[in-house]
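**Student:**
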Amino acid sequence: MSEYQPISAVWELTSECNFQCAHCYNKDLVKSAAFDLNKAMEVCEQLARLKVKAVLLSGGEVLLSEIWPSVALRLSELEVKTGILSNGWLFNEDTLAQIIASKIDWVGFSIDGLEETHDSIRQKGSFKRIFNSLHKLKGKDIYTSINTTVNKKNIGELPALYSLLCENGAKGWQLQLSVTEGTLEEQKKNFMLDPEQIDSVIDFAHGIYKNSPVDVYLGDCVGHYNAKEIEVRSYRSLPRYGLTTFINGCAAGKSTFGIKANGDITGCIALTKNHFVEGNIYERTLWDIWHDENSFAWNRKMSKESLVGFCHECQYSSYCLGGCPSLKYNKDFKPVENIYCSYSCAYKKERERISKLNDSSELIALGREAKQHGNPQIANEYFKRALELEYDSSIEKEIV
């Protein structure tokens with residue numbers, strides 16, 4: 156039996172979608188893949204048996220599934236908190252009535268910038284439809300959350316978008332990065348943030364999270380070892396799930412998992428490659444898949460020693476374990492250095508600065524100071540630079 160306890164799951168009820176978003180990780184959607192009601196009711200029971208606390212119903216576009224209200228109601232009866240994630244296009248008064256009747260706990264929408272930017276990424280007119288949906292939900296006892304995939308087109312619009320969300324009653328806002336799956340494999344350079352821009356996302360979230368009327372969250376792909384990132388994440392994410400400590404690294408297969416529309420089980424719904432599939436719910440139960448000692452081995456058995464590049468050397472990599480799998484594995488499932496790391500960017504910049512210092516006494520003093528402040532990796536860079544200028548065995552002994 157696995158030592159890991161699932162807390163949440165994302166369940167694609169259908170792969171059918173009425174959008175073709177520029178950054179979709181499901182670029183090869185199987186239009187015919189969808190759960191029927193009988194199988195879905197079985198899955199509800201299996202989720203309850205696993206003691207999953209929260210389930211997000213998704214797609215494709217979840218509102219294209221005819222069974223989502225029945226699934227949501229059954230999960231609610233089984234005391235599983237349930238939400239839906241929609242693009243908002245089909246949301247109307249009937250949808251609102253169904254949400255209330257099926258006892259949905261939260262409703263999520265994806266907004267990827269201000270109107271012109273969002274509509275160019277998703278579909279013309281969709282921005283207004285989402286805000287119309289927010290207006291319908293305002294005042295209801297339903298948590299409304301917004302997901303924003305931060306990219307080069309919208310990073311400068313985050314402050315203005317935040318103001319709009321506050322004005323229109325959104326209660327939660329998650330900032331996440333584009334993953335290098337699906338359509339983004341072809342347009343990575345034009346769409347994805349540069350690694351050096353990660354701190355801008357973290358700084359923005361850190362600047363608003365404490366006194367914000369909107370709960371601000373950072374996706375698991377945003378990091379890593381950055382004090383501000385940890386502060387933002389700790390403020391909401393831990394209390395949200397009743398946790399007292401962080402799970403090292405990505406949560407996929409440790410505290411969360413995804414159910415694809417064809418029944419495939421993955422550690423995260425955004426991981427679409429076959430090597431991330433742990434089994435299929437039409438062939439094995441969720442219990443069997445989750446508690447199989449070989450399931451999610453790529454993550455459960457991940458260690459610092461299996462990381463490559465700077466991640467292998469990093470003093471903090473035992474904490475993050477290289478971050479998001481879509482960023483630390485290539486398309487052939489070979490490990491690569493996750494360059495979308497706040498600490499890695501800061502470290503490399505600092506190393507470049509140290510390489511230009513030429514006073515060995517100053518370097519030694521700065522190295523000792525860095526060591527005293529709990530940063531041995533930077534301390535070593537000072538000492539190594541001092542040795543390059545003037546070999547001294549006593550300096551060599553300072554290196555950790």
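Residues in the sequence shown are numbered from 156 upward in steps of one, following our numbering.
By construction, the Cβ of each residue, glycine as well, lies at the ideal position given by its N, Cα and C atoms.
1) State buried or exposed for Asp296, treating a residue as buried only when at least 16 other CB atoms are found within 10 Å of its CB.
2) Is the beta carbon of Val226 less than 8 Å from the beta carbon of Leu292?
3) Across which residues does DSSP place Gln470 in a beta bridge pair?
4) Tell me which residue opens and which closes the alpha helix (DSSP H) that Ile436 is part of.
5) Measure the C-alpha to C-alpha separation of Gly238 and Arg284 and round it to an integer number of angstroms.
6) Taking the alpha carbon of Lys415 as the reference point, which residue from Lys539, Ala382 and Ile436 has its own alpha carbon closest?
7) Tell whether a beta-carbon distance below 8 Å holds between Ser542 and Glu536.
8) How about Gly327 and Tyr298: are their beta carbons less than 8 Å apart?
9) Between Phe246 and Phe264, what straight-line distance do the alpha-carbon atoms span, to the nearest angstrom?
10) Near Thr272, what residues of its chain come up, given a Cβ to Cβ distance below 8 Å and the 5 sequence neighbours on each side ignored?
11) Smallest Cα separation from Ala332: which of Leu319, Thr303 and Glu351?
12) Can we say the segment 430–450 touches the segment 492–500, given the rule of at least three CB pairs closer than 8 Å?
13) Which residues in the same chain as Phe286 place their Cβ atom closer than 7 Å to its Cβ, once the five residues preceding and following it in sequence are excluded?
14) Just reading off the alpha helix (DSSP H) that Asn302 is part of, what are its end residues?
15) Taking buried to mean at least 16 other C-beta atoms within 10 Å of its own C-beta, is Gly294 buried or exposed?
16) Can you grab the Cα-Cα spacing for the pair Cys199 / Ala189, in whole Å?
17) Rounded to whole angstroms, what is the Cα-Cα separation between Ser450 and Asn417?
18) Since Glu545 and Ser515 should fall inside the 8 Å C-beta cutoff, what is the C-beta to C-beta distance between them, to a whole number of angstroms?
19) Can you tell which of Lys206, Glu197, Leu230 and Asn173 has its C-alpha closest to the C-alpha of Val217?
20) Going straight from the alpha carbon of Gly337 to that of Asn345, what length do you get?
21) Between the C-alpha atoms of Leu518 and Arg508, what's the straight-line distance to the nearest angstrom?
22) State the DSSP-derived secondary structure class of Gln331, mapped to helix, strand or coil.
23) Suppose contacts are defined by Cβ-Cβ distances below 8 Å. Is Arg391 in contact with Val369 by that definition?
24) Measuring straight from C-alpha to C-alpha, what distance separates Ala425 and Gly522?
25) Determine the DSSP secondary structure at Tyr537, reduced to helix, strand or coil.
26) For Ala407, which of helix, strand or coil comes out of DSSP?
27) Give the list of continuous alpha helix (DSSP H) stretches no shorter than 4 residues that lie fully inside the segment 243–300.
28) Among the residues of its own chain, which have a CB less than 7 Å from the CB of Tyr484, if the five just before and after it don't count?
29) Among Val377, Trp223, Ile554 and Ile301, which has the Cα closest to the Cα of Ser213?
30) So, under 8 Å CB-CB, Gln160 and Ser410 are touching, yes? Tell me the CB distance rounded to an integer number of Å.
31) Where does Leu192 land, buried or exposed, given buried means 16+ other C-beta within 10 angstroms?
**Tutor:** Taking the geometry as given:
1) The C-beta of Asp296 has fewer than 16 other C-beta atoms within 10 Å across all chains shown, which makes the residue exposed.
2) It is not a contact, given that the beta carbons lie outside the stated cut-off.
3) DSSP lists no partner for Gln470.
4) Here Ile436 belongs to no alpha helix (DSSP H), and DSSP marks it neither H nor E.
5) CA-to-CA, the gap between Gly238 and Arg284 works out to about 19 Å.
6) Just measuring C-alpha positions, the residue of Lys539, Ala382 and Ile436 sitting nearest Lys415 is Ile436.
7) Per the sequence shown, residue 542 should be read as Leu rather than Ser. Their beta carbons are not under 8 Å apart, which means Leu542 does not touch Glu536 by this criterion.
8) Against a cut-off of 8 Å, the Cβ pair of Tyr298 and Gly327 comes out as a contact.
9) Rounded to whole angstroms, Phe246 and Phe264 show a C-alpha spacing of 11 Å.
10) Only Lys308, Asn309 and Glu312 meet the Cβ criterion.
11) At residue 332 the sequence reads Leu, which differs from the Ala that was named. Shortest Cα-Cα distance from Leu332 to any of Leu319, Thr303 and Glu351 involves Thr303.
12) The count of Cβ pairs closer than 8 Å, one atom from the segment 430–450 and one from the segment 492–500, stays below three, leaving the stretches out of contact.
13) For Phe286, where only same-chain residues beyond five positions count, the Cβ hits under 7 Å are Asn323.
14) In this chain, Asn302 is not harboured by any alpha helix (DSSP H); it is covered by the beta strand (DSSP E) spanning Tyr298 to Val305.
15) The C-beta of Gly294 has fewer than 16 other C-beta atoms within 10 Å across all chains shown, which makes the residue exposed.
16) The alpha-carbon atoms of Cys199 and Ala189 are separated by roughly 15 Å.
17) Cα to Cα, Ser450 sits roughly 18 Å from Asn417.
18) Correct: roughly 5 Å between the Cβ atoms.
19) When the alpha-carbon of Val217 is set against those of Lys206, Glu197, Leu230 and Asn173, the nearest one is in Asn173.
20) Note on Gly337: pLDDT 45, under 50, position unreliable in the model; the coordinate value appears next. Going by the C-alpha atoms only, they are around 15 Å apart.
21) A straight-line Cα-Cα distance of about 12 Å links Leu518 and Arg508.
22) Under the three-state reduction of DSSP, Gln331 is assigned to strand.
23) Their beta carbons are not under 8 Å apart, which means Arg391 does not touch Val369 by this criterion.
24) Distance between the alpha carbons of Ala425 and Gly522 is about 42 Å.
25) If DSSP states are grouped into helix, strand and coil, Tyr537 belongs with the helices.
26) It is a strand residue.
27) List check, alpha helix (DSSP H) in window: 248–256, 270–276 and 281–292.
28) Within its own chain, the residues whose Cβ lies closer than 7 Å to the Cβ of Tyr484, once the five positions on either side in sequence are excluded, are Pro490 and Val491, listed in chain order.
29) That would be Trp223, whose Cα lies nearest to the Cα of Ser213.
30) In this structure Gln160 is in contact with Ser410, their Cβ atoms being roughly 7 Å apart against a cut-off of 8 Å.
31) By the Cβ-count criterion, Leu192 is exposed, with fewer than 16 other Cβ atoms from all chains shown falling within 10 Å of its own Cβ.
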